[in-house]
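Q: I have a structure here, written as structure tokens, and I will follow up with some questions on it.
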Ligand SMILES: *Cc1c(COP(=O)(O)O)cnc(C)c1O
């Protein structure tokens, strides 16, 4: 019997959907309006309400709802008006969507090695760096480098996390991007948000996301004389309604994770061979991160946890220097665009060819924390975890 079955609840932070008809009044409202297109509503649309609400909650000046975080990343990059083939520095350890967003924008990703905390090591960036994406992985707020014109914060895995100075992740750089995919802090199945402090950038993003138009709600798209081409990344009222509903639970979710984390940190023994890494105060406590003495010990822990039905994951999947799209410079374009524009030589910055990072990932193990458990169940979950780890 797995822990999940025994507790009758999910023991996962992600996909904690709070989906319950009694709680879905924004969705009922959207259906009641009889209009699911955000620019067809008479009053403030649910999408605009969501953007306003997120701006207040995160302390962001401007917010734009889009289809997903990958599109938000692309939009952030394109709005900075790069040359095609321009370099974008990205972390060597992150989800491949980051590289995909760079490439599909006609830009070239350069993989930058990470530090012990698995955050992009800004000391490796060349002084003339123009564009960098930092990723706040697994709820951990990564440092946001200064003095670079376009820093995009990928907050797909870190909605609600704060930087050491108290600002929310996503609000410190040129732009921040968020995901509402099923496997994220809050979810509407799919969904994305883009935030920026720059009003001109926001206007550019808004135009591009709606066919290059300067849309006035209720009217056929209107075009400015200086309009540029765009795409359609406009969100729907139904999705915005679910996101508004999800946002109502953000504080409760963050508190639940915090409590589970505190209990675990208090109960797990201090072991040097299987160390729980401390998390910063501002992190979203999505998981416990363990650093093992050896890969063998890590693999033994994975086997034991899995056998007892305790969810866990490793991070090797995020090692982009080994991803086939990057190693093979793959593209659907006949001429290999945009790789065809890439400079010769390796597109990577690492002191040791990513050897230390590979070793760190091989010895890292994550055990998710759950925002949804009752106090009693949290105590039971921590106790079970402790007992299982004692066997390895
Ligand atoms: C999930 C994820 C994305 C992509 O988000 P989507 O909304 O699924 O497009 C980007 N970056 C990171 C780090 C992610 O985890």
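Numbering (the working numbering), first residue to last: 8 to 399.
Note that CB positions come from ideal geometry on N, CA and C, so glycine has one too.
#1: If you draw a straight line from the alpha carbon of residue 115 to that of residue 162, how long is it in whole angstroms?
#2: Residue 185 to residue 274, Cα distance in whole Å?
#3: Would you mind working out which of 96, 257, 315 sits nearest residue 293, comparing C-alpha positions?
#4: Note down, in chain order, each residue of its chain lying with its Cβ closer than 8 angstroms to the Cβ of residue 117, except the 5 sequence neighbours on either side.
#5: If contact is defined by three or more beta carbon pairs under 8 angstroms, each pair taking one atom from either stretch, is the stretch 242-257 in contact with the stretch 52-63?
#6: Under 8 angstroms Cβ to Cβ from residue 168, same chain only, skipping five residues before and after it: list those, please.
#7: Within the continuous alpha helix (DSSP H) that includes residue 98, where are the two ends?
#8: Output yes or no for whether 8 angstroms exceeds the beta carbon distance between residue 157 and residue 87.
#9: Is residue 198 near residue 187, with beta carbons less than 8 angstroms apart?
#10: In whole angstroms, what separates the C-alpha of residue 13 from that of residue 179?
#11: One question on the structure: do residue 370 and residue 301 come within less than 8 angstroms of each other, judged by their Cβ atoms?
#12: What ranges does the beta strand (DSSP E) occupy inside the stretch 277-348, keeping only unbroken runs of at least 3 residues that lie completely in it?
#13: Are there three or more Cβ pairs, one per stretch, closer than 8 angstroms when the stretch 374-387 is compared with the stretch 316-330?
#14: Does residue 81 come out as helix, strand or coil in the three-state DSSP assignment?
#15: For residue 191, does the count of other Cβ atoms within 10 angstroms reach 16, so buried, or fall short, so exposed?
#16: From the DSSP secondary-structure annotation, give me the bridge partner or partners of residue 239.
#17: For the alpha helix (DSSP H) containing residue 115, name the first residue and the last one.
#18: When DSSP labels each residue in this structure, what does residue 12 get in the three-state scheme?
#19: Output the boundary residues of the alpha helix (DSSP H) element that contains residue 138.
#20: Are the beta-carbon atoms belonging to residue 237 and residue 217 less than 8 angstroms from one another?
#21: Quick one: grab the DSSP three-state call for residue 268.
#22: Report yes or no: do three or more beta-carbon pairs, one from the stretch 389-397 and one from the stretch 307-315, lie closer than 8 angstroms?
#23: For residue 227, count neighbouring C-beta atoms within 10 Å of its own C-beta (all shown protein chains included) and say buried if the count is 16 or more, exposed if not.
#24: Under the three-state reduction of DSSP, which class applies to residue 65: helix, strand or coil?
#25: Mind checking which residues open and close the beta strand (DSSP E) that includes residue 186?
#26: Hey, which unbroken runs of the beta strand (DSSP E) at 3 residues or more fall wholly within the stretch 343-398?
#27: What do you get for residue 239, buried or exposed, if any count of 16 or more other CB atoms within 10 angstroms of its CB means buried?
#28: Could you tell me the distance, in whole angstroms, from the CA atom of residue 36 to the CA atom of residue 251?
#29: On the criterion of 16 or more Cβ atoms from any shown chain inside 10 Å, does residue 278 qualify as buried, or is it exposed?
#30: Return yes when at least one heavy atom of ligand 1 lies under 7 angstroms from the C-beta of residue 267, else no.
#31: With DSSP run on the structure shown, which of helix, strand or coil describes residue 146?
#32: Which term fits residue 323, buried or exposed, when burial requires 16 or more other beta carbons within 10 angstroms of its beta carbon?
#33: Can the beta-carbon of residue 298 be found less than 8 angstroms from the beta-carbon of residue 385?
A: Checking against the coordinates, here is how it stands:
#1: One-based indexing of the chain shown puts residue 115 at position 108. One-based indexing of the chain shown puts residue 162 at position 155. Cα-Cα distance, rounded: 21 angstroms.
#2: Residue numbering aside, residue 185 sits at position 178 when the chain shown is read from its first letter. Residue numbering aside, residue 274 sits at position 267 when the chain shown is read from its first letter. For residue 185 and residue 274, the distance between alpha carbons rounds to 33 angstroms.
#3: Sequence index remark: in the chain shown, residue 293 carries index 286 (1-based). Checked all of 96, 257, 315; the closest Cα to residue 293 is 257.
#4: Locating residue 117 in the chain shown gives position 110, where the first residue counts as 1. Closer than 8 angstroms at Cβ, skipping near neighbours: 94, 95, 96, 97, 354, 355, 356.
#5: yes
#6: Here the question's residue 168 lines up with position 161 in the chain shown. So the qualifying residues of the chain are 143, 146, 147, 148, 162, 175, 176, 289, 290, 291.
#7: Locating residue 98 in the chain shown gives position 91, counting from the first residue. Taken as a continuous stretch (DSSP letters only), residue 98 belongs to no alpha helix (DSSP H), being part of the beta strand (DSSP E) at 94-98.
#8: Position 150 of the chain shown, counted from the start, is the residue given in the question as residue 157. Position 80 of the chain shown, counted from the start, is the residue given in the question as residue 87. In this structure, residue 157 sits near residue 87, with a CB-CB distance shorter than 8 angstroms.
#9: In the chain shown, counting from the first residue as 1, residue 198 sits at position 191. In the chain shown, counting from the first residue as 1, residue 187 sits at position 180. Contact: yes.
#10: Working through the chain shown from its first residue, we reach residue 13 at position 6. Working through the chain shown from its first residue, we reach residue 179 at position 172. Unreliable positioning characterises residue 13 in this predicted model, as indicated by a pLDDT of 44, which lies under 50. A coordinate reading is not provided.
#11: The count along the chain shown starts at 1 and reaches residue 370 at position 363. The count along the chain shown starts at 1 and reaches residue 301 at position 294. Against a cut-off of 8 angstroms, the Cβ pair of residue 301 and residue 370 comes out as a contact.
#12: 281-283, 294-299
#13: yes
#14: Against the chain shown, residue 81 aligns to sequence position 74. Here DSSP, grouped into helix, strand and coil, assigns residue 81 to helix.
#15: Counted from its first residue, the chain shown places residue 191 at position 184. It is buried - the Cβ of residue 191 has at least 16 other Cβ atoms within 10 Å.
#16: As a working mapping, residue 239 is identified with position 232 in the chain shown. Paired residues: 217.
#17: The residue you call residue 115 lines up with position 108 of the chain shown. Taken as a continuous stretch (DSSP letters only), residue 115 belongs to no alpha helix (DSSP H), being part of the beta strand (DSSP E) at 115-119.
#18: The residue given as residue 12 occupies position 5 in the chain shown. With a pLDDT of 38 at residue 12, under the threshold of 50, the modelled position of that residue is not reliable, and no figure is offered here.
#19: Within the chain shown, the letter at position 131 stands for residue 138. No alpha helix (DSSP H) contains residue 138, which is instead part of the beta strand (DSSP E) from 138-142.
#20: Within the chain shown, numbered from 1, the residue matching residue 237 stands at position 230. Within the chain shown, numbered from 1, the residue matching residue 217 stands at position 210. Contact: yes.
#21: Here residue 268 corresponds to residue number 261 of the chain shown, with the count starting at 1. Looking at residue 268 - three-state DSSP - the assignment turns out to be helix.
#22: yes
#23: Residue mapping note: residue 227 aligns to position 220 of the chain shown, counting from 1. Exposed: under 16 other Cβ atoms inside 10 Å.
#24: For the purposes of this step, residue 65 is taken as residue 58 along the chain shown, with counting starting at 1. Reduced to three states, the DSSP call for residue 65 is helix.
#25: Counting from one through the chain shown, the residue named residue 186 turns up at place 179. For residue 186, the enclosing beta strand (DSSP E) starts and ends at 182-186.
#26: 371-375
#27: The sequence position of residue 239 within the chain shown is 232, counting from 1. Residue 239 should be labelled exposed.
#28: Here residue 36 corresponds to residue number 29 of the chain shown, with the count starting at 1. Here residue 251 corresponds to residue number 244 of the chain shown, with the count starting at 1. Pairing residue 36 with residue 251, the inter-Cα distance amounts to about 11 angstroms.
#29: Counting from one through the chain shown, the residue named residue 278 turns up at place 271. Answer is exposed; the Cβ neighbour count stays below 16.
#30: Your numbering for residue 267 matches position 260 in the chain shown. No, the beta carbon of residue 267 sits no closer than 7 angstroms to any heavy atom of ligand 1.
#31: Counting from one through the chain shown, the residue named residue 146 turns up at place 139. Helix at residue 146.
#32: Sequence index remark: in the chain shown, residue 323 carries index 316 (1-based). Flag for residue 323 reads exposed.
#33: Stepping through the chain shown from its first residue, residue 298 is reached at position 291. Stepping through the chain shown from its first residue, residue 385 is reached at position 378. Contact flag unset, no.
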